[in-house]
Amino acid sequence: MFTAEYNGINDFLVGASQLLLEYGVKREIRNNCCYELPEPFVFKINDPTARWVTIPERKWNLSLPYAESLWLASGRNDMEYISHYLKRMMDFSDDKKFMRGGYGPRFRFFNGSSNDYQINIGKGESGTYIDQFKYIVECFKDDPNTRRAVLNIDDTMKDEFGDDGKIKVTKDIPCTRLLHFQRNSLDGRLDLTVFMRSNDFLWGASAVNIFNFTFIQEYISAMLGMGIGSYYHIANNFHYYEDKRNKVELIASIDKYEEMPFTYKKTFTTLEEFDRLCDLLAREETHMRLSHATYRPEIFEDDFFKDWYSILFHKNHPEQNISFVNNQLYNLIGR
């Protein structure tokens, strides 16, 4: 087993690159060649708020994790929205309309049906479902030291067998299986542990996964009135594909980089307040994406949501001037 501890995402980028180059084993999978660690990789990020990639050589898409974070928090899996921020996402959709294994509906509309989720903005699931965000919050209300606050992404009814009784044929089986939230027994802060069956180093972990999950950790912490603890990540299979080897080698050679930690002041203290702000952001995103829009950050009194809005607005209307609460973001929007 491989274990490591990193200060933030940039520390992870360099360290994991070096680890993969030293121990990665070549393997053919689905007509592609990849290099993977031969045993599970367990790592800790000490400061989950250091989630912004500052290493230029990574060529990080800043708007994508923000867009995906809204997609997830809103419980959606529509391709019309997410493909706007990354066209390549269409390659993983079976019907080009919805992401069959998208995490959003599994977070907010988990049900026991074998039918795949199809959820767009303003269109929730009918019938019986579980909002797992609500479950996490209620677990901690019931017992601040709960060990039951597990958010499941694995959905055996949808993911294992098709209607013909054979193993399901699909482009998208979720890589992440669960998120476990737990109050740290030493300092009372909220820790998060994520388990992944498979994790691509560049397309997954460093592109969106660490950002998305630590983002969730931060806003769930606010709902629970807890500080932000440590982030733990378990990847049973950690890898990169051969055509990205030059980039991995380049990142591994970097010896100077800086983290960009930042903790936002938040106005929301409940899931209901968070959802109200999330709904407003989703409506604004639709407007800015589909038509000309005027930048109006003043509609968000909450700093966390104000910067979330500003990043998405800049992506859709880069000609307009924007402002940030986190001044460090100005250094990233030009990349």
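Residue numbers (this note's numbering): 104 to 438. Ideal placement from N, C-alpha and C gives every residue a C-beta, glycine not left out.
E131 in three-state terms, based on DSSP: strand
For H417, which residues from the same chain have a beta carbon less than 7 Å from its beta carbon, with the 5 sequence-adjacent residues on both sides left out? I425, I436
Just to confirm my understanding: we take L167, look at its own chain, exclude 5 residues before and 5 after, and list those with CB closer than 8 Å. What are they? Y188, L189, A310, V311
Any idea which residues DSSP pairs Y412 with across the strands? In the DSSP output, where bridge partners are listed per residue, Y412 has none listed.
Considering only the beta carbon of each residue, do M326 and T249 sit closer than 9 Å? no
Cβ shell of D405 (< 7 Å), same chain only, five flanking positions each side left out: K369, T370, F371, L380
Expected contact under 8 Å - CB spacing of Y322 and F407 to nearest Å: 7 Å
Could I get the ranges of all uninterrupted beta strand (DSSP E) runs contained in the stretch 134-204, with 3 residues as the minimum, in chain order? 135-139, 144-148
Counting only runs that start and end within the stretch 329-401, where is the alpha helix (DSSP H) found for 4 or more residues in a row? 348-355, 374-393
Can you check DSSP and say which residues form a bridge with F298? L281, I337
Could you check whether N429 and F341 sit closer than 9 Å to each other, using their CB atoms as the reference points? no
Apply the 10 Å Cβ neighbour rule to L353 and answer buried if 16 or more other Cβ atoms are within range, or exposed otherwise. exposed
R211: buried (16+ other C-beta within 10 angstroms of its C-beta) or exposed? buried
Could you check if I319 is buried or exposed, using at least 16 other CB atoms within 10 Å of its CB as the buried criterion? buried
Cβ neighbours of S301 in the same chain (closer than 6 Å, five flanking residues each side left out): C278, N340
With DSSP as the reference, identify every bridge partner of V253, one or two as the case may be. H283
Assuming Y322 is part of the alpha helix (DSSP H), what are its boundary residues? 313-327
Among the residues of its own chain, which have a CB less than 7 Å from the CB of S216, if the five just before and after it don't count? M260
Is the beta carbon of K274 closer than 9 Å to that of F201? no
Thinking just about the alpha-carbon of each residue, which of D410, M391, N434 is nearest to the one in E73? Given a span of 104 to 438 for the chain in the structure shown, any question on residue 73 remains unanswerable.
Quick check on L116: does DSSP put it in helix, strand or coil? helix
Can you find the residues in the same chain that come closer than 6 Å, C-beta to C-beta, to N113, ignoring five residues on each side of it along the sequence? T157, I158, Y360, E362
If you pair each beta-carbon of the stretch 261-272 with each one of the stretch 288-303, do three or more pairs fall below 8 Å? no
Nearest residue (CA-CA) to G111, options H336, R286, N214: H336
So, with DSSP's three-state summary, where would you put Y206? helix
I239 by DSSP, collapsed to three states: which one? helix
What's the gap between the Cα of A170 and the Cα of D245? 32 Å
Let me check one thing: in DSSP terms, what residues is I425 bridge-paired to? I425 is not bridged to any residue.
Candidates A308, D234, N419, L254: which alpha carbon is nearest D378's? D234
Between K271 and D262, which are expected to be in contact by the criterion C-beta below 8 Å, what is the C-beta distance as a whole number of angstroms? 6 Å
Can you tell me which of the three DSSP states D219 falls into? coil
Which class does F403 belong to by DSSP, given the choice of helix, strand or coil? coil
Can you tell me where the alpha helix (DSSP H) holding T259 begins and where it ends? 259-262
Helix, strand or coil, according to DSSP, for D303 in the structure here? strand
With distances taken Cα to Cα, identify the nearest neighbour of K347 among F146, K162, T152. K162
When you compare only the Cα positions, how much space is there between F316 and S356? 27 Å
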